[in-house]
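Scroll down for the structure; my scribbles are underneath it.
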Amino acid sequence: MIKNEKGFSLIELLIVIAILGIISAIAFLTLTGVINSSRQKVDYKNADLIERAIEAYIFLTEDAKLEHLTYNKDKIGDKKDSSMLILALQGTIICDKSGEEFTSLLTPKEGSTPSLDNFAIRWENHKGYRIEIYPENMTCDVFPVEDASQAIINVN
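Note that the sequence shown covers residues 1 to 156 in the numbering used here.
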């Protein structure tokens, strides 16, 4: 009598399952790296948008030191929390110096209500945005920081 063995042995099935496990682990780690990289890039792109809005404000008002900018009656300036400036740029801006009114220089992504969610940090290691303003050049630099205490406005 001839045995007709069809199918796979238990060893063969275990080897296939182990190989699939290794492939899925590699795919998961790669996907996680891609997601984190994308989140970092979003933070830097948002920093660029914030930087352009600040420079637009500086050029329109000639207020390079942010001495005449308020948000909810609070002065925004040197050593203040950078989130206040991000919120202020999303709403209607009234320059105390000239009395001029400007529409939003930093357009909220969703709706018209200023919100920190619109430009929130996406990567887990970033804790906020540092804003370096250079009044003599009327320029600024905005970049994500990993320490929340560094997420301030610094007028040089």
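Glycine included, each C-beta is placed from N, C-alpha and C at the ideal position.
In the structure shown, glycine 128 adopts extended strand secondary structure according to DSSP, grouped into three states. DSSP, reduced to helix, strand and coil, places threonine 107 outside both helices and strands of the structure shown, so it counts as coil. Three or more Cβ pairs drawn from the region 48-68 and the region 83-93 lie within less than 8 Å of each other, which places the two stretches in contact. DSSP, reduced to helix, strand and coil, places threonine 92 outside both helices and strands of the structure shown, so it counts as coil.
Taking one beta carbon from each stretch, the region 60-70 and the region 25-40 have fewer than 3 pairs nearer than 8 Å; the two do not touch. In this structure, aspartate 78 sits near valine 155, with a CB-CB distance shorter than 9 Å. Annotated three-state conformation of aspartate 141 is strand, per DSSP. With a cutoff of 9 Å on beta-carbon distance, valine 145 and arginine 122 are scored as not near each other. Excluding five sequence positions before and after threonine 103, the CB atoms of its chain that fall closer than 7 Å to its own CB belong to Thr92, given in chain order. A residue is called buried when at least 16 other Cβ atoms come within 10 angstroms of its Cβ; isoleucine 76 meets this threshold and is buried. In chain order, Cys140 and Val155 place their CB closer than 6 Å to the CB of isoleucine 133, counting only its own chain and leaving out the 5 sequence neighbours on each side. Exclusion of the five residues before and after proline 114 leaves Leu87, Gln90, Gly91 and Pro108 as the residues of its chain whose Cβ lies within less than 7 Å of its Cβ. CA-to-CA, the gap between glutamine 40 and phenylalanine 119 works out to about 13 Å.
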